[in-house]
Amino acid sequence: MSAFLLICCTNTALTAESIITKHSIKSEVFVEDFNFYVKLPTSYQADSGHSYPTIYLLDNDQYMQLFFEITDILSEGGLMPEFIIVGIKHQHRLRDFTPTALNDLPDTGGADKFLQYIETELIPHITKQYSTNGFKILAGHSMAGLFTLHTMQARPELFNAHFAFSPSLYWDNQTTVKSVMAFLKSRREYHNFLYMNMANEGLDDPYDNSVAMRNGYIELAKYIEQNAPEKFRFAAEHMEQEYHMSTIAVGPFYALRSLYRKFPLPTAKIKQGLEAILLHYQALSVEVGIKITPTQSRMYNAGMYHLWANEDLEKGLEILKHTVAAHPESDSLHDGLAQLYAANGQLNKALQHSEISLKIATPASAGYQNYKRRYEEIKNMIKAD
């Protein structure tokens, strides 16, 4: 099924390299327009050979900017990979997020139709237009959290991870609680991840829906903890000090940290060298369920650590040579090799890579002047040798 897509406008946010673009799909499923936003990683243009996981963020307007900033902070700190983020704008929450229709609430029960739009129109477009690696997260709050849990059992292989913040589990006598438990019971193995939280619903107010929401969360969390299929990773937090609208502020941080608990590359692995680094990412790939490779910048820092910390220059060279072989057009990687070779006394090789970095870069490039200065320094070192 195809869809007509139109890029409406472009806005810059967060940093000069972090671009958010607004798009619109004329959906054939709904015969109406759906807007969504795309935020690309800061390294997207520079690291053209790298592919990225994707977060599909429901209720886009409510916490889009917050989610963007959390992912930027965590990825820049080496605590998780960079992500392509797709923020889906909504006008019909009850219609699109509820799995079942209620007689006293018109225009409800459209979750499966909305899921069809995501599966057959939105995801194919994102996959075609952007460098994605196939790993997808669905995240939603309240009614969107309900939809997230419904999606997990209705299309269990569509997303690799699900974040449900204060999900509205009271809906239709906790139908989704029952369907999720039945689904998990049917699976001996399910390689996926679920983060779920709940605030003080049912404690701070006496409303029947709030009590049912809290009880549904407790029942589902307890069931999963005791009956999780093999390879199914689960994290739940009952944040009784928080409110319904604050779990969307703290939830994304804890969800991402739980999912990528083993992502940070320990200094001990960097000290051990290239083989230990590659084994670290192989083990992480097995846990998450999709191949994870380090970015150019992560490998650059790992290689240069051996220069900056006066460690083993040969190990630093091995790391960067491996990385340059995969990314031969990176000016910064060649400049890093030039620095390591020069420090190791291999001046001719240092000059060779310094020349390459200058040829790749342009005078407008951020590091060009440093590359030029380094080239002259290495030439002078060779003359004085």
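Quick note, this note's numbering runs 15 ahead of the 1-based positions in the sequence shown. Where is the CB? At the ideal position from N, CA and C, for every residue including glycine. Keep in mind the model is a prediction, meaning the values are calculated, not measured.
(request) Name the two residues that bound the continuous alpha helix (DSSP H) containing tyrosine 67. (result) Tyrosine 67 -> not in any alpha helix (DSSP H); beta strand (DSSP E) instead, spanning 67-72.
(message) Suppose you measure from the CA of arginine 203 to the CA of asparagine 212; what does that come to, to the nearest Å?
(response) 25 Å
(message) Suppose you measure from the CA of valine 195 to the CA of leucine 184; what does that come to, to the nearest Å?
(response) 11 Å
(request) Report the rounded CA-to-CA distance for threonine 377 versus tyrosine 383, giving the unit in angstroms. (result) 7 Å
(request) Kindly confirm or deny that the region 269-279 and the region 218-236 touch, where touching means at least three C-beta pairs closer than 8 Å. (result) no
(message) Helix, strand or coil, according to DSSP, for glycine 124 in the structure here?
(response) coil
(message) Less than 9 Å between the beta carbons of leucine 73 and phenylalanine 162, yes or no?
(response) yes
(message) I'd like to check one pair, threonine 191 with histidine 156: are the Cβ atoms closer than 9 Å?
(response) no
(request) Would you kindly check if the distance between the Cβ of leucine 274 and the Cβ of tyrosine 210 is under 9 Å? (result) yes
(message) Restricting to Cα atoms, I'd like to know which of Tyr258, Met319, Thr113 and Glu245 is closest to leucine 335.
(response) Met319
(request) Select from Ala341, Gln144 and Ala379 the residue whose C-alpha is nearest the C-alpha of glycine 64. (result) Ala341
(message) If distances are taken between C-alpha atoms only, which option among Gln80, Thr86 and Gly93 comes closest to glutamine 311?
(response) Gly93
(message) Considering only DSSP beta bridges, list what glutamate 245 is partnered with.
(response) Glu204
(request) Measure the C-alpha to C-alpha separation of glutamine 168 and serine 201 and round it to an integer number of angstroms. (result) 10 Å
(message) Just verifying my parser: in three-state terms, what is the DSSP assignment at tyrosine 210?
(response) strand
(message) Let me make sure I understand the geometry here. Which of Ile307, Arg248 and Asn325 has the alpha-carbon closest to that of lysine 286?
(response) Asn325
(request) To the nearest angstrom, report how far apart phenylalanine 268 and isoleucine 85 are at their CA atoms. (result) 6 Å
(message) Measuring only the C-alpha atoms, how far is histidine 177 from asparagine 316?
(response) 31 Å
(message) What would DSSP say about glutamate 172, mapped onto helix, strand or coil?
(response) coil
(request) Determine the DSSP secondary structure at isoleucine 305, reduced to helix, strand or coil. (result) coil
(request) Please classify glycine 231: does DSSP put it in a helix, a strand, or coil? (result) helix
(request) Would you decide whether glycine 102 is buried or exposed? Buried here means 16 or more other CB atoms lie within 10 Å of its CB. (result) buried
(request) Taking threonine 57 as the reference, give the member of Ser66, Ala358 and Asn50 with the closest Cα. (result) Ser66
(message) Nearest by alpha-carbon distance to arginine 389: which of Leu130, Ser372 and Leu55 is it?
(response) Ser372
(request) Please classify threonine 117: is it buried, with 16 or more other beta-carbons within 10 angstroms of its beta-carbon, or exposed? (result) According to the sequence displayed, residue 117 carries leucine and not threonine. Counting Cβ neighbours within 10 Å, leucine 117 comes out exposed, since fewer than 16 surround it.
(message) Within 10 Å of its beta-carbon, does serine 225 have 16 or more other beta-carbons around it, so buried, or fewer, so exposed?
(response) buried
(message) For lysine 364, which residues in the same chain have their Cβ closer than 6 Å to its Cβ, ignoring the five residues on either side in sequence?
(response) Tyr356
(message) Please state the DSSP three-state secondary structure of cysteine 24.
(response) Reliability of the predicted coordinates at cysteine 24 is poor, the pLDDT of 34 falling under 50, and the value obtained from them is presented with this limitation in mind. DSSP places cysteine 24 in strand when its eight states are reduced to three.
(message) Beta-carbon within less than 7 Å of alanine 291's beta-carbon, same chain only, minus the 5 sequence neighbours each way: which residues are those?
(response) Lys284
(request) Measure from the alpha carbon of serine 380 to the alpha carbon of each residue in Asn50, Ala61, Val44 and Met254, then state which is nearest. (result) Ala61
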